[in-house]
Amino acid sequence: MKVNAASLKGWTVLEISGSVDAATAPALQADAMGRVGAGEAKIALDVSGVDYMSSAGLRVLLMVFKALKATDGAMCLVNPSPFVSEVMDLSGFAGIIPVTKSLEALA
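Per the numbering used here, the sequence shown starts with residue 211, numbered consecutively.
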């Protein structure tokens, strides 16, 4: 897994590629939750390059989403890969975590 960070329209964008599984999810959690702890209120996760996500990855998504929601922040997934879209649908997370099709659509 690889994570690159950028800023766009007041959002912190984390571009994630590769597999998010039990081995890599802790690094994503540390990165994203560190940003929440530092006061970053809007985090967009660009998961277009994620080819695999396990339940450990889903747990990180939910943890970050809940932490931001508790502080009146926001999180969304951007352009999920077909695999991530399927995992989100099957897990029921698609109805919980907002999804946008492109970075340009961030408000």
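Where a beta carbon is used, it is the ideal one built from N, C-alpha and C, also for glycine. Note that the coordinates shown come from a computational prediction; the quantities given were computed from them, not determined experimentally.
Host alpha helix (DSSP H) of residue i (start-end)
i    : result
K276 : 265 to 280
A235 : 235 to 247
Simplified DSSP assignment, three categories, for residue i
i    : result
S295 : helix
S258 : strand
S301 : helix
A215 : strand
L313 : helix
Span of the beta strand (DSSP E) around residue i
i    : result
L224 : 221 to 230
A284 : 284 to 288
Cβ separation of residue i and residue j, assumed to be a contact under 8 Å, to the nearest whole Å
i    : j    : result
N289 : S264 : Not quite, the Cβ-Cβ distance comes to about 20 Å (not below 8 Å), so this is no contact.
K252 : A284 : 5 Å
L255 : F303 : Wrong, their Cβ atoms sit about 12 Å apart, outside the cutoff.
Bridge partner(s) assigned by DSSP for residue i
i    : result
I307 : Bridge partners of I307: none, in fact.
Between the region 225 to 232 and the region 242 to 249, do three or more beta carbon pairs fall short of 8 Å?
-> no
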